[in-house]
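Asker:
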Amino acid sequence: MASLTVRKLDDALKASLRLRAARNGRSVEDEVRAILREAAEGPAATPRAPEVKAAAMRPERTHAAAGRPRVTLIIGGGIAAYKALDLIRRLKDRGFHVRCVMTRAAQQFVAPLTAGALADERCYTDLFDPQSEFDAGHIRLARDTDLIVVAPATADLMAKMAQGHADDLATAILLATNRAVLLAPAMNPLMWANAATKRNVAQLARDGAHFIGPNSGEMAEANEAGLGRMSEPLEIAAAAATLLRPPPGPLTGKHILITAGPTHEPIDPVRYIANRSSGKQGFAIAAAAAQAGADVTLIAGPVDLDDPPGVRVIRVESARDMLAQVEAALPVDIAIFAAAVADWRVANAGEQKIKKTAQGMPPLQLTENPDILATVSKLTHNRPPLVIGFAAETEHLIDNATAKLKRKGCDWIVANDVSPATGVMGGDRNTVHVLTRADADVAIDSVSVDSVSVDSWPVMTKDEVATALVAKIAATTGHPPA
Ligand SMILES: Cc1cc2nc3c(=O)[nH]c(=O)nc-3n(C[C@H](O)[C@H](O)[C@H](O)COP(=O)(O)O)c2cc1C
């Protein structure tokens, strides 16, 4: 029988094996055994490791960051790396959530454990770390932040950035990000004055990077002084705060509450009733509203989407949890209810896992869930001045949406056809009709079809729908975009 040594395989194959193994929650050796078994007996012969194991390995979602601007601090391998530890504290003092990444060289100067302990989250160091990389963690790390600070930004790191290298975690994140990047260079004055460094710095500035420092002063090396000292942590934190301050937009000063995603209604501790909502439309609206300067609270049912930048995200499970969080968020200026809230929940949900018995299927009794849109629309105290509901329909779209507008007492309804052929549920495109009550003073019960105006938009991406909806809201309630 032939023998196979994983260690002797080529590097690319080993890397992809490691990722595959991590994704399936197995050791590399077990993954190889599974592949061989599949090849010999077919895929059904190899049960996948339970999903829960893979989920447990996902890098933590930033619930801890909810509502706080997120800073990813990349620590380069310079003598000033020790000051990055103080910078973590200074950034946290300003209310930022800090996540640290270290280059291999940085680990010669400070320990990842120290940075992780100060940041309250493990420090990321390895591009090929199965724990964070099984779901392309470097892409998540690049996007799941509002600002990237590189301190110290070594001559080497800036050279790699200028060239677009991505051969370690730090450079891969920097290449994959679309967030602002703040560089705090630190190096010997001769390195800073070197023509190559000058070229790289100029290139990075042209590429849109922001710089703080370097300052002039004494170097760590004896008898060396000049331009090259890293800016002080307080200065770097202040520069980060300036970059994170959102520019005023048409919805600056408005507090917007948005719900998104499905709800999960428990049947027992391990099963639930759900629907196909992906939450993409609500998340896109939250991102567009934040971009327009609004203070946004997003209450999301269980979805696999990252927190939009600058948005306070509260994650919930059931309709009742969602209503409780909505009520706690009031008062707001505008409420947008894009969540697909389950109409019913199981009244006789089991406290323990319901077992299969000889008596057959247990009867599930359904009871009506609270109607969040109607509850908020009909509030006499703290009713938001503009309440927008969503109507996902599979037939008679405009008629049903008009009836919903009347029944719920909201001000606008965004109606969309979600029949399977449209691909709207879970997809990236949407075709919506915005129904508005033509006369806001008309009593709810007497709103007739004639007093509702219908604005039909062409097929758009969910991001485009979000931008158009936010522009319509701004035109109605705020300052229209210039
Ligand atoms: C003791 C010591 C101090 C160093 N200090 C710096 C420094 O302040 N700035 C710098 O650009 N490089 C410095 N270097 C060189 C970097 O460590 C080296 O270029 C490394 O490859 C940088 O890796 P990184 O940019 O991936 O972190 C130093 C090297 C040593 C041995």
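Here the sequence shown is numbered in this note's numbering, starting from 1 and rising by one per residue.
Beta carbons are placed, not taken as given, at the ideal position from N, Cα and C, and that holds for glycine.
Using beta-carbon positions only, say whether A335 and V387 come within less than 7 Å of one another.
Answerer: Taking the first residue of the sequence shown as 1, we reach residue 335 at position 335. Taking the first residue of the sequence shown as 1, we reach residue 387 at position 387. Yes, they are a contact pair.
Asker: Under a three-way DSSP split, which group does T394 fall into?
Answerer: Taking the first residue of the sequence shown as 1, we reach residue 394 at position 394. Coil, per DSSP.
Asker: Looking at ligand 1, does it come within less than 6 Å of G78, judged from the CB to the closest heavy atom?
Answerer: To locate residue 78, count along the sequence shown from 1; it is residue 78. G78 has its CB nearer than 6 Å to a heavy atom of ligand 1.
Asker: Three-state secondary structure (DSSP) at I212?
Answerer: Working through the sequence shown from its first residue, we reach residue 212 at position 212. In this structure, I212 counts as coil in the three-state DSSP scheme.
Asker: Kindly provide the ranges of any beta strand (DSSP E) runs that are 3 or more residues long and lie completely inside the region 302 to 381, ordered along the chain.
Answerer: 312 to 315, 334 to 337, 344 to 346, 366 to 368
Asker: Which of the three DSSP states is assigned to W412 in this structure?
Answerer: By 1-based counting over the sequence shown, the position of residue 412 is 412. W412 falls in the strand class under three-state DSSP.
Asker: If you run the structure through DSSP and keep just helix, strand and coil, what is T263?
Answerer: Taking the first residue of the sequence shown as position 1, residue 263 is located at position 263. Residue state, collapsed to three classes: coil.
Asker: Would you identify the three-state DSSP class for L386, choosing helix, strand or coil?
Answerer: Sequence index remark: in the sequence shown, residue 386 carries index 386 (1-based). Three-state DSSP puts L386 in a strand.
Asker: Given 6 Å as the limit, tell me if L157 has its C-beta closer than that to any heavy atom belonging to ligand 1.
Answerer: What you label residue 157 is simply residue 157 of the sequence shown in a count that begins at 1. Flag set: Cβ of L157 near ligand 1.
Asker: Closer than 7 Å by C-beta to I79: which residues in its own chain qualify, once you throw out the five before and the five after it? Chain order, please.
Answerer: In the sequence shown, residue 79 corresponds to position 79, counting from 1. Within the same chain, F109, A220 come within 7 Å of I79 by CB-CB distance, once the 5 residues on both sides are set aside.
Asker: Output yes or no for whether 7 Å exceeds the beta carbon distance between A391 and I413.
Answerer: Here residue 391 corresponds to residue number 391 of the sequence shown, with the count starting at 1. Here residue 413 corresponds to residue number 413 of the sequence shown, with the count starting at 1. Against a cut-off of 7 Å, the Cβ pair of I413 and A391 comes out as a contact.
Asker: So what's L405 in DSSP terms, helix, strand or just coil?
Answerer: Position 405 of the sequence shown, counting from 1, holds the residue named residue 405. Of the three classes helix, strand and coil, the one that applies to L405 here is helix, per DSSP.
Asker: With H, G and I counted as helix, E and B as strand and the rest as coil, what does DSSP make of A56?
Answerer: For the purposes of this step, residue 56 is identified with residue 56 of the sequence shown, where counting begins at 1. Per-residue confidence for A56 stands at a pLDDT of 28, beneath the threshold of 50, marking its modelled position as unreliable; the derived number appears in the next sentence. In the structure shown, A56 sits in a helix (DSSP, three-state: H, G or I).
Asker: Any idea what DSSP makes of R48, helix, strand or coil?
Answerer: Here residue 48 is taken as the residue at index 48 of the sequence shown, counted from 1. For R48, the predicted model reports a pLDDT of 43, less than 50, meaning its position is unreliable; a value from the coordinates is still stated below. Of the three classes helix, strand and coil, the one that applies to R48 here is coil, per DSSP.
Asker: Grab the span of the beta strand (DSSP E) containing D295 for me, first residue to last.
Answerer: As a first step, residue 295 is located in the sequence shown; it is residue number 295 there, counting from the start. That run of the beta strand (DSSP E) goes 295 to 300.
Asker: How about G226 and P214: do their beta carbons lie closer than 7 Å?
Answerer: Residue numbering aside, residue 226 sits at position 226 when the sequence shown is read from its first letter. Residue numbering aside, residue 214 sits at position 214 when the sequence shown is read from its first letter. Cβ atoms of G226 and P214: not closer than 7 Å.
Asker: Using 10 angstroms around the beta-carbon of H264, count the other beta-carbons present and answer buried if the total reaches 16, otherwise exposed.
Answerer: Mapped onto the sequence shown, residue 264 falls at position 264. Counting Cβ neighbours within 10 Å, H264 comes out buried, since at least 16 surround it.
Asker: Which runs of the beta strand (DSSP E) at least 3 residues long sit entirely within the region 62 to 107? Give them in chain order.
Answerer: 70 to 75, 97 to 102
Asker: May I ask whether a heavy atom of ligand 1 can be found less than 6 Å away from the beta carbon of M187?
Answerer: Here the question's residue 187 lines up with position 187 in the sequence shown. It does: the Cβ of M187 is within 6 Å (strictly closer) of some heavy atom of ligand 1.
Asker: Give the DSSP-derived three-state secondary structure of L4 in the structure shown.
Answerer: As a first step, residue 4 must be located in the sequence shown, where it is residue number 4. Coil at L4, not helix or strand.
Asker: Flag T154 as yes when its Cβ comes closer than 6 Å to any non-hydrogen atom of ligand 1, and as no otherwise.
Answerer: Counted from its first residue, the sequence shown places residue 154 at position 154. Yes; taking the cut-off as 6 Å, the Cβ of T154 has a heavy atom of ligand 1 nearer than that.
Asker: What number of angstroms, rounded off, separates the C-alpha of I444 from the C-alpha of R429?
Answerer: Here residue 444 corresponds to residue number 444 of the sequence shown, with the count starting at 1. Here residue 429 corresponds to residue number 429 of the sequence shown, with the count starting at 1. In this predicted model, I444 has a pLDDT of only 40, less than 50, meaning its place in the structure is not dependable enough to derive any value.
Asker: Can you give me the Cβ contacts of A288 inside the same chain, cut-off strictly under 8 Å, excluding the 5 residues immediately before and after it?
Answerer: Taking the sequence shown and counting its residues from 1, the one referred to as residue 288 is at position 288. Cβ within range, chain order: D463, A466, T467, L469, V470.
Asker: Should R70 go down as buried or exposed, given a rule of 16 or more other Cβ atoms within 10 Å for buried?
Answerer: Start at 1 with the first residue of the sequence shown, and residue 70 comes out as number 70. Buried.
Asker: With respect to the beta strand (DSSP E) encompassing G484, which residues constitute its N-terminal and C-terminal limits?
Answerer: This structure leaves residue 484 out entirely; the chain is present only between 1 and 482.
Asker: Leaving out five residues before and five after R104 in sequence, what residues of the same chain have Cβ atoms less than 8 Å from its Cβ?
Answerer: Translated into the one-based positions of the sequence shown, residue 104 becomes position 104. Within the same chain, R104 has close Cβ partners G77, T125, D168.
Asker: Short of 6 Å in beta carbon distance, which residues of its chain neighbour S453, apart from the five on each side in sequence? Order them along the chain.
Answerer: As a position in the sequence shown, residue 453 is number 453, starting the count at 1. So the list reads T436, A438, once near-sequence residues are dropped.
Asker: Using a 10 Å radius around the Cβ and a threshold of 16 neighbouring Cβ atoms, would you call M102 buried or exposed?
Answerer: One-based indexing of the sequence shown puts residue 102 at position 102. Result: buried.
Asker: Pop quiz: A294 and L251 are said to be a contact at Cβ under 8 Å. What is the actual Cβ separation, rounded to whole angstroms?
Answerer: Counting from one through the sequence shown, the residue named residue 294 turns up at place 294. Counting from one through the sequence shown, the residue named residue 251 turns up at place 251. Yes, A294 and L251 are in contact; Cβ-Cβ is about 4 Å, under 8 Å.
Asker: Using 7 Å as the threshold, is the C-beta distance between A342 and S277 below it?
Answerer: Taking the sequence shown and counting its residues from 1, one reaches residue 342 at position 342. Taking the sequence shown and counting its residues from 1, one reaches residue 277 at position 277. In this structure, S277 does not lie closer than 7 Å to A342 by Cβ.
Asker: Distance, Cα to Cα, Y272 vs L73?
Answerer: One-based indexing of the sequence shown puts residue 272 at position 272. One-based indexing of the sequence shown puts residue 73 at position 73. If you take the alpha carbons of Y272 and L73, they lie about 39 Å apart.
Asker: How about T103: is its Cβ closer than 6 Å to a heavy atom in ligand 1?
Answerer: Position 103 of the sequence shown, counted from the start, is the residue given in the question as residue 103. The answer is yes for T103.
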